[in-house]
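Trainee:
Numbering (this note's numbering), first residue to last: -16 to 190.
(1) Mark residue 142 as exposed unless 16 or more other C-beta atoms lie within 10 angstroms of its C-beta, in which case mark it buried.
(2) Going by other Cβ atoms of all chains shown within 10 Å of its Cβ, with 16 needed for buried, is residue 60 buried or exposed?
(3) What residue does the alpha helix (DSSP H) around residue 157 start on, and which one ends it?
(4) Just grab the DSSP bridge partners of residue 188 for me.
(5) Could you give the C-beta distance for residue 66 and residue 134, rounded to a whole number, given that I count them as a contact under 8 angstroms?
(6) Taking residue 72 as part of the alpha helix (DSSP H), name the residues at either end of that continuous run.
(7) Let's see if you can read the secondary structure: which residues bound the alpha helix (DSSP H) around residue 166?
(8) Below 8 angstroms on the Cβ atoms is my guess for residue 122 versus residue 147; work out the distance and round it to an integer in Å.
(9) What residue does the alpha helix (DSSP H) around residue 109 start on, and which one ends it?
(10) Which value, in whole angstroms, describes the spacing of the CA atoms of residue 34 and residue 40?
(11) On the three-state DSSP scale, how would you describe residue 124?
(12) Keeping to the same chain, check which residues put their C-beta closer than 6 angstroms to that of residue 117; ignore five residues upstream and five downstream.
(13) With DSSP as the reference, label residue 148 as helix, strand or coil.
(14) Report the rounded CA-to-CA distance for residue 164 versus residue 85, giving the unit in angstroms.
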């Protein structure tokens, strides 16, 4: 007799986990992190308290899961672009970054962190260390690979990654924090990525 969970039970477990994360994000945003109990999240998600506690024994563990899920790229199973063509590689990274930043859960996550920063600075640290930094490091490593391949000339891959991601996020994401109706269309977002790539290649591509 096998003890492995069936495909059906795995699917049910994944659906319950997704419902918990969605409910927690909503409640943290609407009521605040401190005023939201795990019991209330379970009720909102339509799961038992035992089910929620089994997966997330604390609110910190639940918030950790929200951060991880929010920063999970839709292309996470794909390898990073191979070095050799910085224009193509940066375009791929830039488009993926736009897709990540324009998801509703990403905006909600930042709003939760900013609202709770005075009382729960550990949430911001978690967001930075578990979400933003791993993604940033992946871009920095790609630029280092291009440098090692001889296709770009740069002394500071960390600064270059900051410049590239900043050019995109300053248009695609940050205005959303203050302007709820900020919603550039796909063509505008593609143009921002293309221009960021042009800037990077003009500055760093090997002549």
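Where a beta carbon is used, it is the ideal one built from N, C-alpha and C, also for glycine. Nothing here was measured: the structure is a model prediction, and the numbers come from that model.
Mentor: To lay it out plainly:
(1) In the chain shown, counting from the first residue as 1, residue 142 sits at position 159. Exposed: under 16 other Cβ atoms inside 10 Å.
(2) On the chain shown, residue 60 is found 77 positions in, with the first residue counted as 1. Unreliable placement is indicated for residue 60, whose pLDDT of 47 sits below 50; no coordinate value is reported for it.
(3) For the purposes of this step, residue 157 is taken as the residue at position 174 of the chain shown. For residue 157, the uninterrupted alpha helix (DSSP H) run begins and ends at 157 to 161, by DSSP.
(4) Counting from 1 along the chain shown, the entry for residue 188 is found at position 205. According to DSSP, residue 188 bridges with 135.
(5) For the purposes of this step, residue 66 is identified with residue 83 of the chain shown, where counting begins at 1. For the purposes of this step, residue 134 is identified with residue 151 of the chain shown, where counting begins at 1. Contact holds; Cβ gap of about 6 angstroms.
(6) Within the chain shown, residue 72 is the residue found at index 89, counting from 1. Unbroken alpha helix (DSSP H) run through residue 72: 69 to 84.
(7) Translated into positions along the chain shown, residue 166 becomes position 183. No alpha helix (DSSP H) holds residue 166; DSSP gives it neither H nor E.
(8) For this step, residue 122 is matched to residue 139 along the chain shown. For this step, residue 147 is matched to residue 164 along the chain shown. The beta-carbon distance between residue 122 and residue 147, rounded to whole angstroms, is 7 angstroms. This is short enough to meet the 8 angstroms contact definition.
(9) Position 126 of the chain shown, counting from 1, holds the residue named residue 109. It spans 104 to 109 - the alpha helix (DSSP H) in which residue 109 sits, taken as one unbroken run.
(10) For the purposes of this step, residue 34 is identified with residue 51 of the chain shown, where counting begins at 1. For the purposes of this step, residue 40 is identified with residue 57 of the chain shown, where counting begins at 1. CA-CA distance, residue 34 to residue 40, rounds to 10 angstroms.
(11) Residue mapping note: residue 124 aligns to position 141 of the chain shown, counting from 1. Shown here, residue 124 sits in a helix according to DSSP, grouped into three states.
(12) Within the chain shown, numbered from 1, the residue matching residue 117 stands at position 134. Closer than 6 angstroms at Cβ, skipping near neighbours: no residue.
(13) For this step, residue 148 is matched to residue 165 along the chain shown. Three-state result, residue 148: helix.
(14) Position 181 of the chain shown, counting from 1, holds the residue named residue 164. Position 102 of the chain shown, counting from 1, holds the residue named residue 85. Using only the alpha carbons, I get a separation of about 12 angstroms.
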